[in-house]
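Just below is one structure, and these are the notes that go with it.
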Amino acid sequence: MSPQKVPVEERLFSLVLTLVATESGLTKNEILSSVQGYNSRYRSGGDNSALERQFERDKDDIRELGIPLETVADPGDPGNNQSLRYRIPKAAYDLPGDITFSPEEMALLRLAATVWREGSLSADSRRAIMKLRTLGVEADDPVVGFAPRIRTREAAFEPFEVALERNVVVNFDYLKPGEREPTKRVVEPLALVQFHGRWLLHGHDRGADAPRTFLLARVIGTPRVTQIPFARRGGDHAARALDELQDIWDRNLAELEVAPGTDAWVSLSKREDTRRTDDDHLLVHYSDTALLADELAGYGPEVRVVAPPRLVDAVRQRLLTTLATHGGEDGRD
Amino acid sequence: MTDPTGPRDARDKLALLLSLIPYLMDHESVPVSDAAAAFDVTPKQIRDAVHLIAVSGLPGESRAYLPGDLFDIDWDELEEHDRIALTHTVAIDDTPRLSAREAAALIAGLQYLSSLPEHADRDAMASLMAKLERGTATGAAQVAVAPAALRDTVATVRAAIERGTQLEFDYVSARGASERRVVDPLRIESVNDDWYLRGWCHLRGAVRTFRLDRIDRLVSSGEPISGHGAGVVLPERLFQGSEEDLTVSVDVSAAALPLIADYIPDDADRVREGDTVHTKVRVAHYHGLKRMVARFAGQVTVTAPPDARAAVAEWARAGAARYERYERETS
Numbered sequence: 001m002s003p004q005k006v007p008v009e010e011r012l013f014s015l016v017l018t019l020v021a022t023e024s025g026l027t028k029n030e031i032l033s034s035v036q037g038y039n040s041r042y043r044s045g046g047d048n049s050a051l052e053r054q055f056e057r058d059k060d061d062i063r064e065l066g067i068p069l070e071t072v073a074d075p076g077d078p079g080n081n082q083s084l085r086y087r088i089p090k091a092a093y094d095l096p097g098d099i100t101f102s103p104e105e106m107a108l109l110r111l112a113a114t115v116w117r118e119g120s121l122s123a124d125s126r127r128a129i130m131k132l133r134t135l136g137v138e139a140d141d142p143v144v145g146f147a148p149r150i151r152t153r154e155a156a157f158e159p160f161e162v163a164l165e166r167n168v169v170v171n172f173d174y175l176k177p178g179e180r181e182p183t184k185r186v187v188e189p190l191a192l193v194q195f196h197g198r199w200l201l202h203g204h205d206r207g208a209d210a211p212r213t214f215l216l217a218r219v220i221g222t223p224r225v226t227q228i229p230f231a232r233r234g235g236d237h238a239a240r241a242l243d244e245l246q247d248i249w250d251r252n253l254a255e256l257e258v259a260p261g262t263d264a265w266v267s268l269s270k271r272e273d274t275r276r277t278d279d280d281h282l283l284v285h286y287s288d289t290a291l292l293a294d295e296l297a298g299y300g301p302e303v304r305v306v307a308p309p310r311l312v313d314a315v316r317q318r319l320l321t322t323l324a325t326h327g328g329e330d331g332r333d
Numbered sequence: 334m335t336d337p338t339g340p341r342d343a344r345d346k347l348a349l350l351l352s353l354i355p356y357l358m359d360h361e362s363v364p365v366s367d368a369a370a371a372f373d374v375t376p377k378q379i380r381d382a383v384h385l386i387a388v389s390g391l392p393g394e395s396r397a398y399l400p401g402d403l404f405d406i407d408w409d410e411l412e413e414h415d416r417i418a419l420t421h422t423v424a425i426d427d428t429p430r431l432s433a434r435e436a437a438a439l440i441a442g443l444q445y446l447s448s449l450p451e452h453a454d455r456d457a458m459a460s461l462m463a464k465l466e467r468g469t470a471t472g473a474a475q476v477a478v479a480p481a482a483l484r485d486t487v488a489t490v491r492a493a494i495e496r497g498t499q500l501e502f503d504y505v506s507a508r509g510a511s512e513r514r515v516v517d518p519l520r521i522e523s524v525n526d527d528w529y530l531r532g533w534c535h536l537r538g539a540v541r542t543f544r545l546d547r548i549d550r551l552v553s554s555g556e557p558i559s560g561h562g563a564g565v566v567l568p569e570r571l572f573q574g575s576e577e578d579l580t581v582s583v584d585v586s587a588a589a590l591p592l593i594a595d596y597i598p599d600d601a602d603r604v605r606e607g608d609t610v611h612t613k614v615r616v617a618h619y620h621g622l623k624r625m626v627a628r629f630a631g632q633v634t635v636t637a638p639p640d641a642r643a644a645v646a647e648w649a650r651a652g653a654a655r656y657e658r659y660e661r662e663t664s
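Spelled out as structure tokens, the structure:
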């Protein structure tokens, strides 16, 4: 290591300043030979491949901060990588001047940022607030005694997020609700959404050649982010995925007989959109038969499913399985 | 050799450097402590950043980083009064744009909060999200969160916290018994779709965490809180393990292991045999155990002690019997 090693952030900072200041752009060699952090290790006419790899990683880091680092091809020499020029257009670097926030909005944004208390999005939201703080708006007083939080503890969240941002295919093993063995999936990720407290990946399943939605809690092991790019078609996949999930939720309705005063009653009667029938049955909406069956089987004798029949069968089958695995006779004639 | 600071750390530091410059340009001379408070970092982090800014700039024609091509600060102000005054700037002078993920994190956070009564103005919320989207160079990343399911109880509890008054409600304990509780509410928290009240429980004489969806017949009594909870530091973990917790042995299918990870103590062995993992789970009472095991039919099996196995079997038998009884009665 050279004695006057420059910290990473100093090299990145110098690179940003230099690329903002240039209008026509600089070639890679011009950058490596002049910018602080590269220049002392640059060998004119020699092998700079290690330095070039570092430059590639630095470009990714800078872009991930939202800084528009552009590549401009030389019109007289297209296709020649050595003549590519790099720059950061000032107008695309600056936050548009008409974007301002009121003190109430600033307080709301700060609360929205604190929602992420763990995982990679908490670093992202912290940096966003840091940038917006420079607009000089004082936030209204924070709300006391109120700490809403979104959890992203599933191991699959971060790899999916990376694949989503890079627009590359992701591979993973998936245990579909109601099945016992995981299957291998190859998916073009389109959106990460949270619905009724569960994180889901919406994407195009290459094996099925169809759109699919996967529960992150059901991903086995760590997904593998490939370098295989894909063409993303259409926009606003996240909003569309949430709309579709809401449609399914609205369509699926189960009728349950629930013993009053039990855990099951307290929890199911307070479930979102639950209604009571005239004979005190509960009508509950749900996303997935196997997932609801798991939950209802947990309530044991506190719940009897009245309808639909496939949910009746699923819950009953689960209870008989549990009975059999715990030494009881399975009760069937 | 790997860099000790790591890339994520370096990105955070770069974001601070780029944000500090427009902030300092707006403040002719600002105490280090004010800047630290504004950016929620330590005074040392601010001083380090300012030292770095003061020696940074452009290579210039000569590629020698000459003084005119560098930022400069009033060094006397910094060293004698711990105040920052930028005296020369180069290249950048404005707030940087948000990254796709930064904007997405704030937008998804706003979506989550959008069901709060005070944010019911959908147009105002939509315009705020649109501004964030416009504040990026490439558009926000595709991450979205459905609005939190806010029940009436949330509003009642929040109002009581703000007024500093007591709450009364029925609560089903971990052992299954329902009791009337009187609680000084301290904080309302959520994790995704689950909401919790943390407060001083008069019945237990201690700080307790209550799931809002298990609270029934909630009444705001209007009595001022007792002050027992004042100064209590709420632990980050919602639920603390108890000395009285029960530990039972289970066989878990390897694929289902992550689904019950919350119940497995950190120090428990996990012995894999084929597709099965032998391990232990900790529960407050069989009341909770039988429910948890019955949710994972065929994937989680209690192996010991025998009375825990019997409790699960009895629970499942009673559940299944409801269908047989019903069939007998209706056939």
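Line by line, the protein sequences give chains A and B.
Numbering-wise, this note's numbering puts 38 at position 38 of the first sequence, and it's gapless, one number per residue.
Just add 333 to wherever you are in the second sequence, counting from 1, and you've got this note's numbering.
Backbone N, C-alpha and C define an ideal beta-carbon position, used for all residues, glycine too.
Values in this document were obtained by computation on a predicted structure and should not be read as measured data.
Suppose you measure from the CA of residue i to the CA of residue j; what does that come to, to the nearest Å?
i	j	result
D334/A	L12/A	With chain A represented from 1 up to 333, any question about residue 334/A goes unanswered, as that position is not in the structure.
G331/A	M625/B	For G331/A, the predicted model reports a pLDDT of 43, less than 50, meaning its position is unreliable; a value from the coordinates is still stated below. Going from the Cα of G331/A to the Cα of M625/B covers about 21 Å.
T18/A	D409/B	28 Å
D367/B	T375/B	10 Å
Y286/A	A630/B	20 Å
E70/A	I31/A	14 Å
K28/A	L350/B	24 Å
G327/A	L320/A	11 Å
Y504/B	A587/B	35 Å
R496/B	R455/B	27 Å
A382/B	D526/B	40 Å
W116/A	P400/B	42 Å
H611/B	R605/B	6 Å
R584/B	T325/A	As written in the sequence, residue 584/B is Asp, which differs from the Arg given in the question. So the alpha carbons of these two residues sit roughly 10 Å apart.
G538/B	R544/B	18 Å
T542/B	R153/A	21 Å
I558/B	C534/B	11 Å
G652/B	V315/A	9 Å
T609/B	A297/A	22 Å
K184/A	D173/A	4 Å
G337/A	V6/A	For chain A, the structure presents residues 1 to 333; residue 337/A sits outside this window and is missing.
F230/A	P223/A	17 Å
Keeping to the same chain, check which residues put their C-beta closer than 6 Å to that of residue i; ignore five residues upstream and five downstream.
i	result
A473/B	A433, A436, A437, I440 and E466
T471/B	A433
A163/A	V170, P189 and V225
L175/A	P182, R218 and I220
R416/B	S362, P364 and E410
W249/A	H285 and S287
E165/A	none
H449/B	The question names His, yet the displayed sequence has Leu at residue 449/B. Answer for L449/B: no residue qualifies.
Quick one: what's got a C-beta closer than 8 Å to residue i's C-beta in the same chain, skipping five residues either side?
i	result
A493/B	Q499, L500, P518 and S553
L200/A	L192, V193, Q194, T213, F214, L215, L216, A241 and L245
D426/B	I354, P355 and M358
E556/B	T498 and Q499
S33/A	N39, Y42 and S44
L622/B	L579, V581, V614, V616, V635, A641, A644 and V645
R310/A	T289
A21/A	none
Excluding five sequence neighbours on each side, which residues of the same chain lie with their C-beta closer than 7 Å to the C-beta of residue i?
i	result
D345/B	none
Y619/B	A641 and A644
Y331/B	There is no way to answer for residue 331/B, as the model of chain B reaches only from 334 to 664.
- Residue ranges of each beta strand (DSSP E) within the region 146–222 of chain A, 3 or longer: Along the region 146–222 of chain A, the beta strand (DSSP E) occurs as fully enclosed runs of 3 or more residues at 168–174, 183–195, 198–205 and 210–215, listed in sequence order.
- Message: For a minimum of 4 consecutive residues, which ranges assigned as the alpha helix (DSSP H) are wholly contained in the region 423–484 of chain B?
- Response: 433–446 and 455–467
- Kindly provide the ranges of any alpha helix (DSSP H) runs that are 4 or more residues long and lie completely inside the region 599–631 of chain B, ordered along the chain. 619–628
- Query: Any contact of the region 132–141 of chain A with the region 441–460 of chain B, i.e. 3+ C-beta pairs under 8 Å?
  - Reply: no
- Message: For the pair the region 284–296 of chain A and the region 250–270 of chain A, tell me if three or more CB-CB distances fall below 8 Å.
- Response: Taking a contact to require three or more Cβ pairs closer than 8 Å, the region 284–296 of chain A and the region 250–270 of chain A qualify as touching.
- Query: Between the region 537–557 of chain B and the region 581–599 of chain B, are three or more C-beta pairs nearer than 8 Å?
  - Reply: no
- Whole alpha helix (DSSP H) elements within the region 67–117 of chain A, 4-residue minimum: 90–93 and 103–114
- Do the region 150–163 of chain A and the region 115–126 of chain A touch if we need at least three Cβ pairs shorter than 8 Å? yes
- What are the residues of the region 116–128 of chain A that lie near chain B, defined by any Cβ-Cβ distance shorter than 7 Å? W116, L121, A123, D124, S125, R127 and A128
- Task: Closer than 7 Å, Cβ to Cβ, to anything on chain A: give me those residues from the region 374–391 of chain B, in chain order.
- Result: L385, S389, G390 and L391
- Message: Which residues of the region 283–296 of chain A have a Cβ closer than 8 Å to any Cβ of chain B? Give them in chain order.
- Response: D294 and E295
- Query: Looking at chain B, which residues of the region 237–258 of chain A have a Cβ within less than 9 Å of any of its Cβ atoms?
  - Reply: H237, A238, A239, A241, L242, L245, Q246 and E257
- At 3 residues or longer, and completely inside the region 514–552 of chain B: list those beta strand (DSSP E) runs for me, N to C. DSSP runs (the beta strand (DSSP E)) wholly in the region 514–552 of chain B: 527–534 and 539–544.
- Where the region 66–96 of chain A meets chain B: residues whose CB sits under 7 Å from a CB there: For the region 66–96 of chain A, the set of positions with a beta-carbon nearer than 7 Å to some beta-carbon of chain B reads G66, I67, P68, A92, Y93, D94, L95 and P96 in chain order.
- Item | Cβ-based contacts, 7 Å cut-off: residues of the region 53–67 of chain A near chain B | D61, E64, L65, G66 and I67
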